[in-house]
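A.B. asks: Questions regarding the structure given below will be posed in turn.
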Amino acid sequence: MKIEVLQRNDLELVFKVEGLKTGYANALRRIMISEVPVLAIDEVIIHKNSSVMYDEILALRLGLIPIKTDLERFVFQEECDCKGRGCPLCQVSLTLNKRGPGVVYSGDFISEDKEIVPVDDQIPIVKLGEGQEIELEALARLGRGKEHAKWQATNSCSYKNVPLIGIDRESCDLCGDCVERCPKKILEIRDEKLIVKDVLKCTLCKECSEACELDAIIPFHDKESFIFKVESTGSLEPEVIVIKASEILEEKAEEFLRELKAAIEGTGV
Numbered sequence: 029m030k031i032e033v034l035q036r037n038d039l040e041l042v043f044k045v046e047g048l049k050t051g052y053a054n055a056l057r058r059i060m061i062s063e064v065p066v067l068a069i070d071e072v073i074i075h076k077n078s079s080v081m082y083d084e085i086l087a088l089r090l091g092l093i094p095i096k097t098d099l100e101r102f103v104f105q106e107e108c109d110c111k112g113r114g115c116p117l118c119q120v121s122l123t124l125n126k127r128g129p130g131v132v133y134s135g136d137f138i139s140e141d142k143e144i145v146p147v148d149d150q151i152p153i154v155k156l157g158e159g160q161e162i163e164l165e166a167l168a169r170l171g172r173g174k175e176h177a178k179w180q181a182t183n184s185c186s187y188k189n190v191p192l193i194g195i196d197r198e199s200c201d202l203c204g205d206c207v208e209r210c211p212k213k214i215l216e217i218r219d220e221k222l223i224v225k226d227v228l229k230c231t232l233c234k235e236c237s238e239a240c241e242l243d244a245i246i247p248f249h250d251k252e253s254f255i256f257k258v259e260s261t262g263s264l265e266p267e268v269i270v271i272k273a274s275e276i277l278e279e280k281a282e283e284f285l286r287e288l289k290a291a292i293e294g295t296g297v
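Numbered per this note's numbering, the sequence shown finishes at 297, counting up by one with no gaps.
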């Protein structure tokens with residue numbers, strides 16, 4: 029197996045994997061979406077709310093604000109030694125107290141943990157009129173995307189097979205029709221040869237092959253090579269999401285192996 033990082037920034041990671049089966053690639057994608065845990069506001073205690081927004085809608089909106097997460101420091105509340113009572117190991121309290129007029133932003137939260145704050149401090153929550161006020165406490169806890177969308181670590185997570193373009197140079201007459209038809213403009217005639225400038229940009233639309241009357245160009249894909257694109261909500265760095273998903277997948281495989289061995293031993297086979 030070979031992995032190559034193609035693009036990376038604070039929120040997005042694009043990488044190519046060679047020597048991978050489709051089932052494994054899809055399992056990894058699904059785990060990144062639904063099982064990598066992050067912190068999200070799970071409980072809201074509203075002391076005052078004289079805004080135009082109902083308490084329930086306000087609480088729902090708060091839950092969808094991405095929260096920076098440190099997986100090394102927090103555990104699921106149901107697994108915590110506090111037995112669900114709530115402690116610094118399983119939850120973080122954020123308070124909000126603001127009077128209008130003005131817009132309440134995610135940056136108005138005051139967290140008891142300076143490291144655990146909203147990813148973006150400019151997310152608008154509600155607009156307060158003159159004399160209107162909001163006072164509340166929000167509790168952020170770990171969860172998984174399969175339980176609620178607010179716990180999804182990714183905005184999007186996708187993969188595609190690595191595209192390839194085969195060229196029959198004996199048949200190609202360099203007419204240039206495929207060059208003109210390619211929507212991504214990745215084909216070029218250079219030094220009396222048809223070349224592919226950046227095959228990874230190919231979408232396999234097959235416009236080039238349809239334009240070629242001589243069937244000299246054939247786009248196809250590598251069945252065991254994939255390009256992953258992972259976009260984080262900002263709660264975790266994108267590479268952390270991939271690593272954590274890989275660890276979860278490994279744990280699932282190990283658990284399956286243990287249970288299988290136990291089942292076989294139990295039957296005496």
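For glycine and all other residues, C-beta sits at the position ideal for the given N, C-alpha and C.
Kindly indicate which residue of G157, I61, I138 has the alpha-carbon position closest to the one of D149.
C.D. replies: The candidate whose alpha carbon is nearest that of D149 is I138.
A.B. asks: CB-CB under 6 Å to K76, same chain, minus the five flanking residues each way: which ones, in chain order?
C.D. replies: Within the same chain, K76 has close Cβ partners E161, E163.
A.B. asks: Within 10 angstroms of its Cβ, does F104 collect 16 or more other Cβ (buried), or is it exposed?
C.D. replies: Its Cβ having fewer than 16 others within 10 Å, F104 is exposed.
A.B. asks: Under the three-state reduction of DSSP, which class applies to Q35: helix, strand or coil?
C.D. replies: The answer is strand: DSSP assigns Q35 an E or B state.
A.B. asks: Looking at L170: is its Cβ nearer than 8 Å to the Cβ of L90?
C.D. replies: Against a cut-off of 8 Å, the Cβ pair of L90 and L170 comes out as no contact.
A.B. asks: If we ignore side chains and look at the alpha-carbon of each, how far apart do K234 and R209 end up?
C.D. replies: C-alpha separation (whole angstroms): 10 Å.
A.B. asks: Please report the Cβ distance between V190 and I255, rounded to the nearest whole angstrom; I am assuming they are in contact, meaning their Cβ atoms lie under 8 Å.
C.D. replies: With a Cβ gap of about 6 Å, V190 and I255 count as contacting.
A.B. asks: Specify, as a first and last residue, the run of the beta strand (DSSP E) that I73 falls within.
C.D. replies: Residues 66-77.
A.B. asks: Let me make sure I understand the geometry here. Which of S121, K126, P129 has the alpha-carbon closest to that of I144?
C.D. replies: The candidate whose alpha carbon is nearest that of I144 is S121.
A.B. asks: Tell me, please, whether the CB atom of C115 is closer than 8 Å to any CB atom in chain B?
C.D. replies: Annotation note: the requested chain B is absent from the structure, which comprises a single protein chain.
A.B. asks: Just to confirm the assignment: which complete alpha helix (DSSP H) runs, minimum length 4, are found wholly within the region 82-133?
C.D. replies: Complete alpha helix (DSSP H) runs here, min 4: 83-91.
A.B. asks: So does the region 111-130 actually touch the region 192-201, counting three or more Cβ pairs closer than 8 Å?
C.D. replies: Touching, no.
A.B. asks: Could you spell out where the alpha helix (DSSP H) holding I9 opens and where it closes?
C.D. replies: Because residue 9 is not part of the residues shown, which for the chain are 29 to 297, the question remains open.
A.B. asks: Report the rounded CA-to-CA distance for K221 versus A177, giving the unit in angstroms.
C.D. replies: Approximately 50 Å between the Cα atoms of the pair.
A.B. asks: From the DSSP output, in three-state form, read off I61 for me.
C.D. replies: Looking at I61 - three-state DSSP - the assignment turns out to be helix.
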